[in-house]
Structure formats: C-alpha cells, structure tokens
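**Q**
Number of protein chains: 2
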Amino acid sequence: MRLSTKSRYGLRALFDMAYHAGTLPAQIKDISRRQNISPRYLEQIFQDLKRGGLLKSRRGPQGGYFLSRKPNEITVQQIIMAAEGEMALVDCVKSGKGCKKECEFDNQCVTQKIWLEASNRLNDYLSSVTLKDLCDDAKAMGMEKELDHRFMYFI
Amino acid sequence: MRLSTKSRYGLRALFDMAYHAGTLPAQIKDISRRQNISPRYLEQIFQDLKRGGLLKSRRGPQGGYFLSRKPNEITVQQIIMAAEGEMALVDCVKSGKGCKKECEFDNQCVTQKIWLEASNRLNDYLSSVTLKDLCDDAKAMGMEKELDHRFMYFI
DNA sequence: TAATTCTTGACAAATAAAATAGACTTTAAT
DNA sequence: ATTAAAGTCTATTTTATTTGTCAAGAATTA
Numbered sequence: 001m002r003l004s005t006k007s008r009y010g011l012r013a014l015f016d017m018a019y020h021a022g023t024l025p026a027q028i029k030d031i032s033r034r035q036n037i038s039p040r041y042l043e044q045i046f047q048d049l050k051r052g053g054l055l056k057s058r059r060g061p062q063g064g065y066f067l068s069r070k071p072n073e074i075t076v077q078q079i080i081m082a083a084e085g086e087m088a089l090v091d092c093v094k095s096g097k098g099c100k101k102e103c104e105f106d107n108q109c110v111t112q113k114i115w116l117e118a119s120n121r122l123n124d125y126l127s128s129v130t131l132k133d134l135c136d137d138a139k140a141m142g143m144e145k146e147l148d149h150r151f152m153y154f155i
Numbered sequence: 156m157r158l159s160t161k162s163r164y165g166l167r168a169l170f171d172m173a174y175h176a177g178t179l180p181a182q183i184k185d186i187s188r189r190q191n192i193s194p195r196y197l198e199q200i201f202q203d204l205k206r207g208g209l210l211k212s213r214r215g216p217q218g219g220y221f222l223s224r225k226p227n228e229i230t231v232q233q234i235i236m237a238a239e240g241e242m243a244l245v246d247c248v249k250s251g252k253g254c255k256k257e258c259e260f261d262n263q264c265v266t267q268k269i270w271l272e273a274s275n276r277l278n279d280y281l282s283s284v285t286l287k288d289l290c291d292d293a294k295a296m297g298m299e300k301e302l303d304h305r306f307m308y309f310i
C-alpha cells in the first residue's frame, strides 16, 4: 500500500509554490530545482493537477503556474485525488462504481466494509490538512524561503 | 494508493478459515474454491502469513492450515503487515529506517509529517478490527457456512 | 518576430504485482 | 513399509503499473 510519486511530488511541488509564492507565476524549472524533481516529469504531474482544478497557468515569457485557490482552500486529499486519479485502498470501494474489475463478492463481502471504512478515515484526515497548514509548519521549523531570481537584478 | 492482492486475498482467506473453522485443519483447495483464489497463489500468501506468525500448518493427509491464535486476537493490521511486508503509505515513514531510498529531505520535510500521521491513523483503525468482528458481521448478514466435505460421508 | 514557457501525446525503461510451475518433504492411513 | 495426500521451497513467467524521457506544437510577452 504505497502512494505513487505523483502524489508525493505533487504535494511537495504545491507546497513549494505556496511557500515561495510571489507576484509572478512559479516556473517548473524553479520548483523542480528546489524540490529535486525531474522537470519533465513535473510537467506531466502539473497537467494532472491542472485538470483537477488546483492549478492554472500562463504561457510565454514570465509565464508559469499558480494556485487556483488560496492555500487554505486546497487540501492534501484534493491533491492526491488529482494526482492519483482516484484514492481508494482497494478497487471494490471506488466511488465511480463503473470500475471494470468488480469483485464477484461485491456487497456481500465482509472485508469490503473494512476497506471502505479505512478509506473513509484516511480521506477524512487528508481532507483536514491544507497547504496553509504545511506552510505554517515550514515557517515554524524555520525553513528558508528562496527569493525569486527574477527579482534579483533589481536589488 | 492501492493495497496489493496479497492483503486482500490474505484477509479473505483468513476470514474464511475463521468462519468455516472445524476440528480439522483447513485445506488450501477448499479455501481457494470458496474464495475463488488461485490455489497456487494462495499457497504463497499462506507462507507469508505463516512467517508472520498468524498461521500454523500440518502436513500429510488430513493436513492443512489453522490459525495460530483465536480470531479475536488476530487483527486486520497484522494480516496486512504479514502479507504486504510493511505497511507504509510512503517509503520515508517506514519503521525500519534501513530503507535504501531515503529522501534527501528526510526529517526536514513538512510533507513527511502528513504521511506519517496518515499512516498512523490507518494503522490504528486496522488494528482495531479482528477476524472475530468479521465473523460477527458475516453471521449478522446471514452468510452461509459450508459443511466440511470430509464429514459428509458420515451423515 | 524572437524568445520563453506551457501543452500534448507518444514512447521506453524500470519496477512491482500476480500467477504458474516443478521438484521436494512430511505425515497419516493402510 | 508403502502410498497418497497434503504442505514447502524456489524459480520463472507474465502482466500491469510506475516512472521518466522526448519531440513537436501553441500561446504569450517583449
């Protein structure tokens, strides 16, 4: 039972954006450098997060990505959902019941109830944590903020 | 974030054993037939569960497997632990910190705390459910018990 | 128009999950 | 003792998923 790197990288990247947010959109190359994630791969993840409504983007010079809501309105659960596709411990408790691999014991299975309850509890917790919480934590533990290099020249 | 089939099959199989328990050891072929799991694959899973201390076995004719503790003393968490090897949402919160893929941000990472707390909550719940609870559920929903075919001839 | 940045879809390598197979050992019953 | 019915051990194979790379394209700003 492991979370894929898409979720882990996705959360790290969005936290990074929230923590280092400036007036200009954040660029892949900066985020990937700070978080040590392959820029090409991060692009892909950001497309998923865009489709999930968490990110918006602007092309062209000085373009980049920005959060589509305030950090305290973006939960970890939403990020995982967008990155992972769906968040279920086992297939048989997926919400969109159009899942192909339906188990032949569906709905008359005592183990299904366990997986469902476990998934719910997990989701409850992950829904209770927002990007703002992470930023507060980071600040509390004294994590440095990097200045936007695009401003460096004017100092 | 999915649980592997080893855990799902493992739980189903152990529940099956607890629910249909008789005086003789339960045999792979019966469990696999009732639960529709490949017998050869179930053998493998049972080896893991044996190593995890949940099962014991007797060889030879009329041999088979039996639970090494009472159903109310076997938790779902223990089963997953034995089947899955280790139960962690992400590598960086594994207990046996000898994990190779240590993240370079270890211990100074705000996302790590989230994964750790989520793993803990999940484990807390799964540790609170035992095989006996599953049997009670099954009984309550009227699931049929199969008679042991090895007794059939004497009826 | 030129440079920069995101967009899209295809592709490939690596890893892990799932299942199958065969030779072997132990045990109970006869 | 012999035999047949179990479990045991270790490979191997197959399949699916994850992870990551690449290249051509489209939008935007300066």
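Chains A and B supply the protein sequences, listed in that same order. Numbering of the first sequence is given in this note's numbering, commencing with residue 1 and proceeding in unit increments. Numbering of the second sequence is given in this note's numbering, commencing with residue 156 and proceeding in unit increments. Glycine residues also receive a C-beta, built at the ideal position from the N, C-alpha and C atoms. Here the structure is a predicted model, which means the values were calculated and not measured.
Under 9 Å, CB to CB, which of the residues in the region 174-201 of chain B have a partner in chain A?
**A** Against chain A - using a Cβ distance shorter than 9 Å - the residues of the region 174-201 of chain B are Tyr174, Gln190, Asn191.
**Q** Once DSSP output is grouped into helix, strand and coil, what is the label at B/Ala243?
**A** Taking the first residue of the second sequence as 1, we reach residue 243 of chain B at position 88. Looking at B/Ala243 - three-state DSSP - the assignment turns out to be coil, as it is neither helix nor strand.
**Q** Quick one: residues in its chain with C-beta nearer than 7 Å to the C-beta of A/Ser38, no 5 flanking neighbours on either side, listed in chain order?
**A** Locating residue 38 of chain A in the first sequence gives position 38, counting from the first residue. For A/Ser38, where only same-chain residues beyond five positions count, the Cβ hits under 7 Å are Ser32.
**Q** Are the region 260-279 of chain B and the region 104-116 of chain A in contact at 8 Å, needing three or more beta carbon pairs?
**A** Judged by Cβ distances under 8 Å, the region 260-279 of chain B makes no contact with the region 104-116 of chain A, as fewer than three pairs qualify.
**Q** Contact between the region 214-233 of chain B and the region 264-274 of chain B is defined here as three or more beta-carbon pairs at a separation below 8 Å; is this criterion met?
**A** Contact between the region 214-233 of chain B and the region 264-274 of chain B is absent, because fewer than three Cβ pairs lie under 8 Å.
**Q** What first and last residue would you give for the beta strand (DSSP E) that runs through B/Gly354?
**A** Nothing can be reported for residue 354 of chain B: it is not among the residues displayed for chain B, which extend from 156 to 310.
**Q** Using the C-alpha atoms, what's the distance from B/Asp303 back to A/Met81?
**A** Position 81 of the first sequence, counted from the first residue, corresponds to residue 81 of chain A. Position 148 of the second sequence, counted from the first residue, corresponds to residue 303 of chain B. A/Met81 and B/Asp303: Cα-Cα distance of roughly 45 Å.
**Q** Find the residues of chain B that neighbour A/Val93, judging by a C-beta separation of less than 8 Å, and give them in chain order.
**A** Locating residue 93 of chain A in the first sequence gives position 93, counting from the first residue. Chain B residues near A/Val93: none, gap ~10 Å exceeds 8 Å.
**Q** Using 10 angstroms around the beta-carbon of A/Lys145, count the other beta-carbons present and answer buried if the total reaches 16, otherwise exposed.
**A** In the first sequence, residue 145 of chain A corresponds to position 145, counting from 1. Exposed: under 16 other Cβ atoms inside 10 Å.
**Q** Verify whether the separation of the beta carbon atoms of A/Lys132 and A/Ala18 is less than 9 Å.
**A** On the first sequence, position 132 is the one that residue 132 of chain A refers to. On the first sequence, position 18 is the one that residue 18 of chain A refers to. Contact flag set, yes.
**Q** Quick check for students: name the residue ranges of the beta strand (DSSP E) that lie wholly in the region 178-221 of chain B, counting only runs of 3 or more.
**A** Within the region 178-221 of chain B, the complete beta strand (DSSP E) runs of at least 3 residues are 210-213.
**Q** Which one of B/Leu289, B/Ser212, B/Lys249 has the shortest CA to CA distance from B/Leu166?
**A** Numbered from 1 along the second sequence, position 11 holds the residue referred to as residue 166 of chain B. That would be B/Leu289, whose Cα lies nearest to the Cα of B/Leu166.
**Q** Going by alpha carbons, who is nearest to A/Leu116 out of A/Met87, A/Ile45, A/Tyr41?
**A** Counting from 1 along the first sequence, the entry for residue 116 of chain A is found at position 116. If we check each option's Cα against that of A/Leu116, A/Met87 comes out closest.
**Q** With C-beta atoms as the reference, is B/Leu244 less than 9 Å away from B/Ile229?
**A** As a first step, residue 244 of chain B is located in the second sequence; it is residue number 89 there, counting from the start. As a first step, residue 229 of chain B is located in the second sequence; it is residue number 74 there, counting from the start. For B/Leu244 and B/Ile229, no; Cβs fall outside 9 Å.
**Q** Indicate the three-state DSSP secondary structure (helix, strand or coil) for A/Arg8 in the structure shown.
**A** Residue 8 of chain A sits at position 8 when you count from the first residue of the first sequence. In the structure shown, A/Arg8 sits in a helix (DSSP, three-state: H, G or I).
**Q** So what does A/Arg2 bridge to, in DSSP terms?
**A** Taking the first sequence and counting its residues from 1, the one referred to as residue 2 of chain A is at position 2. According to DSSP, A/Arg2 bridges with B/Arg157.
**Q** To which residues of the same chain is A/Ser127 closer than 7 Å at the C-beta, ignoring the five residues directly before and after it?
**A** Residue 127 of chain A sits at position 127 when you count from the first residue of the first sequence. Contacts found: Thr75, Gln77.
**Q** Output needed for B/Ala293: all residues of its chain with C-beta closer than 7 Å, excluding positions within five of it in sequence on either side, in chain order.
**A** Translated into positions along the second sequence, residue 293 of chain B becomes position 138. Correct list, in chain order: Tyr174.
**Q** So what does B/Thr285 bridge to, in DSSP terms?
**A** If you number the second sequence from 1, residue 285 of chain B lands on position 130. DSSP, once it has assigned bridges, lists B/Thr230 as partnering B/Thr285.
**Q** Using CA atoms only, rank isn't needed, just tell me which of A/Gly142, A/Tyr9, A/Lys70 is closest to A/Gln35.
**A** Working through the first sequence from its first residue, we reach residue 35 of chain A at position 35. For A/Gln35, the nearest C-alpha among the options comes from A/Tyr9.
**Q** Is the Cβ of B/Glu239 closer than 9 Å to any Cβ of chain A?
**A** Counting from 1 along the second sequence, the entry for residue 239 of chain B is found at position 84. For B/Glu239, the answer is yes, since a Cβ of chain A falls inside 9 Å of its Cβ.
**Q** Quick check: A/Ala13 and A/Phe66, are their CB atoms within less than 9 Å of each other?
**A** Numbered from 1 along the first sequence, position 13 holds the residue referred to as residue 13 of chain A. Numbered from 1 along the first sequence, position 66 holds the residue referred to as residue 66 of chain A. No, Cβ-Cβ distance for A/Ala13 and A/Phe66 is not below 9 Å.
**Q** Taking 9 Å as the CB-CB limit, is B/Glu301 close to chain A?
**A** Translated into positions along the second sequence, residue 301 of chain B becomes position 146. Output row for B/Glu301: interface = no.
**Q** Report the neighbours of A/Leu3 on chain B: residues whose CB is nearer than 8 Å to its CB, in chain order.
**A** Against the first sequence, residue 3 of chain A aligns to sequence position 3. What A/Leu3 touches in chain B: Met156, Leu244, Val245, Trp270.
**Q** Quick check on B/Glu272: does DSSP put it in helix, strand or coil?
**A** Position 117 of the second sequence, counting from 1, holds the residue named residue 272 of chain B. Helix, per DSSP.
**Q** So what does DSSP say about B/Lys294, is it helix, strand or coil?
**A** Your numbering for residue 294 of chain B matches position 139 in the second sequence. In the structure shown, B/Lys294 sits in a helix (DSSP, three-state: H, G or I).
**Q** Can you name the residues of chain B whose CB is closer than 8 Å to the CB of A/Leu134?
**A** Your numbering for residue 134 of chain A matches position 134 in the first sequence. What A/Leu134 touches in chain B: Val265, Thr266, Ile269.
**Q** How should B/Thr178 be labelled, buried or exposed, when 16 other C-beta atoms within 10 angstroms of its C-beta is the threshold for buried?
**A** In the second sequence, the residue the question calls residue 178 of chain B occupies position 23. B/Thr178 comes out exposed.
**Q** Under a Cβ-count criterion, where at least 16 other Cβ atoms within 10 Å of its own Cβ denotes burial, should B/Ala295 be classed as buried or exposed?
**A** The sequence position of residue 295 of chain B within the second sequence is 140, counting from 1. Under this definition B/Ala295 is an exposed residue.
**Q** Scan the region 215-228 of chain B for residues whose Cβ lies nearer than 7 Å to a Cβ of chain A and list them as they occur along the chain.
**A** The residues in question: there are none.
**Q** Under a three-way DSSP split, which group does B/Leu277 fall into?
**A** Residue mapping note: residue 277 of chain B aligns to position 122 of the second sequence, counting from 1. Looking at B/Leu277 - three-state DSSP - the assignment turns out to be helix.
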